[in-house]
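Participant: Before I ask anything, here is the structure I am working with.
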Amino acid sequence: MRTFGKKTWVIAEGYIPSYGTGPEPEFTSHETACILNTSNQKAQVEITLFFTDKDPVGPYKVEVGAQRTKHLRFNDLQDPEPVPKDTDYACVIESDIPVVVQHTRLDSRQAENALLTTIAYSE
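Encoded structure:
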């Protein structure tokens, strides 16, 4: 299979609301990076977060299996520290091999949920 993607991706807009409506965990407000690895080898991925008023945090290390996809909720990132809620952030996602990254947000603060998705910027 052909390998698709780039090694560096940027999501310039991130925000996890501290609350939501509806059943958990399906309707927990969250940010997700959907990472697709079409190659025949594992992808070693590092994520660094950037903030308005504090130093960057990271790297968060993630592995995406060969010819697999990983839907990574930023809410689940814990090491080196949990991603703060109610805080603006951006991120740089770097992989040792080309991958494709799509960004998704579920904002469930209202009963009428909002879902946003976009392809991240690649370098």
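Okay, so the sequence shown: first residue is -6 according to this note's numbering, each after it adds one. Even for Gly, the Cβ is constructed at its ideal location relative to N, Cα and C.
Taking only three categories from DSSP, how would you classify I68?
Facilitator: As a first step, residue 68 is located in the sequence shown; it is residue number 75 there, counting from the start. Per the sequence presented here, residue 68 reads as Asn, with Ile not at that position. If DSSP states are grouped into helix, strand and coil, N68 belongs with the helices.
Participant: Nearest by alpha-carbon distance to D79: which of T1, G7, M(-6) is it?
Facilitator: Along the sequence shown, one-based indexing puts residue 79 at 86. It is G7.
Participant: Measure the C-alpha to C-alpha separation of Q71 and R(-5) and round it to an integer number of angstroms.
Facilitator: Start at 1 with the first residue of the sequence shown, and residue 71 comes out as number 78. Start at 1 with the first residue of the sequence shown, and residue -5 comes out as number 2. Rounded to whole angstroms, Q71 to R(-5) spans 33 Å at the Cα level.
Participant: Tell me whether S88 sits in a helix, a strand or coil according to DSSP, three-state version.
Facilitator: Counting from one through the sequence shown, the residue named residue 88 turns up at place 95. Correct three-state label for S88: strand.
Participant: Let me make sure I understand the geometry here. Which of P73, I90, L65, G58 has the alpha-carbon closest to that of P52?
Facilitator: Along the sequence shown, one-based indexing puts residue 52 at 59. Closest by alpha carbon: P73.
Participant: Tell me which residues share the same chain as F44 and place their Cβ nearer than 6 Å to its Cβ, disregarding the 5 neighbours each side in the sequence.
Facilitator: Here residue 44 refers to the residue found at position 51 of the sequence shown. The answer, listed in chain order, is Y82.
Participant: Can you give me the Cβ contacts of P49 inside the same chain, cut-off strictly under 8 Å, excluding the 5 residues immediately before and after it?
Facilitator: Within the sequence shown, the letter at position 56 stands for residue 49. If we look at P49 and ignore the five residues flanking it on each side, its Cβ neighbours are T41, L42, F43.
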